[in-house]
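First up is the structure itself, then whatever we jot down about it.
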Amino acid sequence: MSSSAGIRLKVLTCVLFAGFAILEWRLVQLQVLRHKELEEKAEAYRLTDRVEQAWRGEIRDRNGMQLALTVPVKNVYADLVVWTNHVDLLAHIVAPLLGLDQTELSRRVRQKLNSNNASSPDGDPGVLLLKRSVTPPEWPPIHEALARETFGLPTNHLTSRQRTLLKELRRWTLFAEDDQQRYYPNGQSLAAVLGFVGNGADGHLLQGRWGLEASLNQWLAGQNGVCASSQDAAGNELAFCRTREVLVGDGAHAILTIDLTLQEIVEHALAKAMARYGPSSASCVVVRPSTGEILALACLPAFSPQQPGCSPPATWRNHVISDRYEVGSVFKVITLAAALEQGAVKLNQPMYCENGAWIYKKLALHDDGHRYGILTVRECLAKSSNIGFAKIALVVGTNQLYAAITNFGFARATGVRLPYETPGFIRPVTNWTPTSITRVAIGQEFSVSQLQLAMAYAAIANDGRLMQPLLVRELDHADGSVWGRYQPRVLRAVVRPETARQVREAMRDVVEYGTGKEAALPGYTIAGKTGTAQKSDGHRYLPGRLYCSFVGMVPAEKPGLVIAVAVDEPANSEYGGVVAAPVFREIAEQAVLRYGIPPDKAIASPLDRRALVRGQPNAHHDLMAMAR
Amino acid sequence: MNLNPFSSSAWNPTEENLDTHPAGASASANVDHWDRGRTEEEIGFARRPWRFLHGIGYLIVVFLALVFSVFREVKHSRELYQMNQLIATADAQRRQWQEAARLDEAQKARLMAEVMRLQSLRREASTGNAADNLAALQP
């Protein structure tokens, strides 16, 4: 008995050893011999990189009003694996849920299935985007409706196969992915400045394509978060198995120098001018001369940044910075500043204006039908005498005039934070013809942008200090803390303060009794200059196609605002003083009320003083906010 | 049976006995006590079931330890999974909250834009009158 027990024990031992040996061998095989291959396979199943999309930052005006923000939406997809054999049935169920046409939906799915069959031999039909930008509250009812749907299968006694099919159909007929949509609550307002976004790049859902959205994209977009982790069989992340985590950094908020209220005032005034004169476009920029801040920038016709594709691309153009024109008489102010700065002329110095027609170097110059005899320099500006200014320029000299032009910032981009800014164009002085100086002096033979012109006027308003135009005031972190603030920057002194004061004095005459009387504002001194320039096609001037403008500052003595208005090709070929000056007045009238700029001219009675501040309870507050 | 309580060899174990039955655990001591006075064959025969029982006992202990470890691991995994679920739920709630907050923000912005538009209409009406008044009062 003992020997048989011993044998059994030995057999059992051998069996156990053999079993363990087999197990050991299998372990060695799995852990050592096929280690690398199996590890890769396991990690492919187990590991996952989850990307958390950064939230695109907002764009706000100087008072914190939101101009562009991002809202969450969902894109709804169909997994074509489950659609393959049930296209009509699923289209019948899904179309009413998504508000789509059933026939169209079936057609799209079939088209996609056919194209995928042709292109992918592995038989994966892929997914089809059925509807974009479904709002988050819309999605749960759709999802729940599908979860209750029987898809034509019996409601009970399902076979195992049917249960699986039903589960698959409920889960994958439709699924949603999170997306972001840019929202512009003020519609078309400020569209040319804000620009728009398009489909994402570099892993982001949205990508700035135009305007500030494009130029500030790297700050607005933020940094996507990445989380390397493990997942269970159902695809749920195992949070305790995270191996690498880069936290999401939401995009910065851009705070502009724009004042939305003033912007609306400007756009409203331009819209009225558009309706009245039917021009091809109208634009305006309002600058605070002491800091170079752009308070409003409007271009009409505008487009909807929400749906830029619905408007012709021509409307996307920011005429203030991207278009360059021969601006005409508004440039005479710069010529005058150059002449006064050099001491070449004095304001009351008489100039003979040749009775309206002058031939210089065999080329005739006219004063648009006016027969001016002797005018003082300030009268030349007030009456916008071409001949008078041609003669002033001759006194200044070619090189000095060219130097003054470049000194005022023309012929180079201002550096405003917007894409596609034109530097303007002026020929090098060596390429000027003998008569060029008489034409450049009155704003011909070279082109500038409206912003360059506004900044040059702002320099005169700012006692000769040329400022860098400021459109973005600061960038804030997503949590509201300040990331960086842009400070006003003086580029250089272009004329002495005394020269600037004299130019402003002469510009007052333009509004008081000259070509810009339409810009006059009761209670305020206005300094400005009208401009009516013929447009050219590069070879010759085009009759009847005018560029009418007015650039002015209010109040004249110590200007708080510079307003440049341009109306391009008004239908009835009016002068700048008729077309653009009233727009200036309308804007200035409301702007002085908004900022509480006190009247600086004698006012007849206390009644109109009260009228000036009527309806503006926050005017003082706004002024203080502006001063910050 | 040659158990002789008066035999000195039974009370004073030989070198061989000492080697075969070293003092140790209490169970061994009891067996030693039980073995006293038996021949080597008798002792060997009597010890086999004890050895077997020892083996079984060890196996049971090892098995229980394994089962305990497995259960503990299962429990631990379950706890981890539950905590993962909690984290996932919290994450989903955070996303929902953010989503709702962002929608509210958009709604607020839309309303503010509407307020701005209405203010603009009001300003338009009031400043028109102010300008008329001022123009009329000019000398």
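Top line first, the protein sequences correspond to chains H and R.
The letter at position 308 of the first sequence is residue 308 when you use this note's numbering, and the numbering goes up by one with no holes.
In this note's numbering, each residue's number is its place in the second sequence (first place is 1) plus 628.
The C-beta atom is built at its ideal place from N, Cα and C for all residues, glycine as well.
Is there at least one Cβ from chain R nearer than 8 Å to residue i's Cβ?
i	result
residue 303 (chain H)	no
residue 268 (chain H)	yes
residue 561 (chain H)	no
residue 274 (chain H)	no
residue 71 (chain H)	yes
residue 260 (chain H)	yes
residue 326 (chain H)	no
residue 66 (chain H)	yes
residue 24 (chain H)	no
residue 264 (chain H)	yes
Tell me, please, whether the CB atom of residue i is closer than 8 Å to any CB atom in chain H?
i	result
residue 715 (chain R)	yes
residue 720 (chain R)	no
residue 731 (chain R)	yes
residue 738 (chain R)	yes
By a C-beta neighbour count over all protein chains shown, 10 Å radius and 16 as the cutoff for buried, is residue i buried or exposed?
i	result
residue 259 (chain H)	buried
residue 321 (chain H)	buried
residue 575 (chain H)	buried
residue 154 (chain H)	exposed
residue 182 (chain H)	buried
residue 682 (chain R)	exposed
residue 42 (chain H)	exposed
residue 186 (chain H)	buried
residue 38 (chain H)	exposed
residue 563 (chain H)	buried
residue 507 (chain H)	buried
residue 313 (chain H)	exposed
residue 699 (chain R)	exposed
residue 553 (chain H)	buried
residue 13 (chain H)	exposed
residue 407 (chain H)	buried
residue 253 (chain H)	buried
Alpha carbon to alpha carbon, what distance is there between residue j and residue i?
i	j	result
residue 705 (chain R)	residue 239 (chain H)	13 Å
residue 241 (chain H)	residue 230 (chain H)	6 Å
residue 78 (chain H)	residue 169 (chain H)	10 Å
residue 270 (chain H)	residue 543 (chain H)	24 Å
residue 166 (chain H)	residue 142 (chain H)	17 Å
residue 256 (chain H)	residue 470 (chain H)	8 Å
residue 594 (chain H)	residue 374 (chain H)	42 Å
residue 618 (chain H)	residue 411 (chain H)	Legend: pLDDT at residue 618 (chain H) = 43, less than 50; position of this residue unreliable, value from coordinates given subsequently. Roughly 40 Å between the two C-alpha positions.
residue 727 (chain R)	residue 71 (chain H)	8 Å
residue 385 (chain H)	residue 735 (chain R)	55 Å
residue 156 (chain H)	residue 139 (chain H)	28 Å
residue 747 (chain R)	residue 740 (chain R)	10 Å
residue 405 (chain H)	residue 334 (chain H)	7 Å
residue 578 (chain H)	residue 722 (chain R)	59 Å
residue 684 (chain R)	residue 24 (chain H)	23 Å
residue 353 (chain H)	residue 370 (chain H)	10 Å
residue 691 (chain R)	residue 676 (chain R)	22 Å
What are the boundary residues of the beta strand (DSSP E) that residue i is part of?
i	result
residue 160 (chain H)	Not the beta strand (DSSP E): residue 160 (chain H) falls in the alpha helix (DSSP H), residues 160–172.
residue 70 (chain H)	66–79
residue 360 (chain H)	357–360
residue 55 (chain H)	Run containing residue 55 (chain H): none; DSSP gives neither H nor E here.
residue 350 (chain H)	350–352
residue 493 (chain H)	490–493
Could you tell me the boundaries of the alpha helix (DSSP H) in which residue i lies?
i	result
residue 398 (chain H)	398–407
residue 219 (chain H)	217–221
residue 442 (chain H)	Looking at the DSSP string, residue 442 (chain H) is not in any alpha helix (DSSP H), and its letter there is neither H nor E.
residue 583 (chain H)	576–594
residue 319 (chain H)	319–322
residue 273 (chain H)	260–277
residue 380 (chain H)	377–382
Any heavy atom of the ligand NAD inside 7 Å of the beta-carbon of residue i?
i	result
residue 45 (chain H)	Although the ligand NAD was asked about, the structure shown includes no ligands whatsoever.
Please decide whether residue i counts as near chain B, where near means a Cβ-Cβ distance under 8 Å.
i	result
residue 39 (chain H)	Considering every chain present, this structure includes no chain B. Its protein chains are H and R.
(message) Please list, in chain order, the residues of the segment 692–708 of chain R that have any C-beta partner in chain H closer than 9 Å.
(response) Going along the segment 692–708 of chain R in chain order, one finds 708 with a Cβ nearer than 9 Å to chain H.
(request) Report the residues of the segment 171–191 of chain H with a CB closer than 7 Å to any CB of chain R, ordered along the chain. (result) Across the segment 171–191 of chain H, CB contacts with chain R closer than 7 Å involve 183, 185, 186, in sequence order along the chain.
(message) Which residues of the segment 233–253 of chain H have a Cβ closer than 7 Å to any Cβ of chain R? Give them in chain order.
(response) Answer set for the segment 233–253 of chain H: 236, 237, 238, 239, 240.
(request) Determine which residues of the segment 121–154 of chain H have a Cβ less than 9 Å from any Cβ of chain R, and write them out in chain order. (result) Listed by position along the chain: 135, 136, 137.
(message) Beta carbons nearer than 7 Å to chain R: which residues of the segment 510–531 of chain H have them?
(response) With the criterion set as a beta carbon lying under 7 Å from some beta carbon of chain R, the members of the segment 510–531 of chain H are 522, 523, in sequence order.
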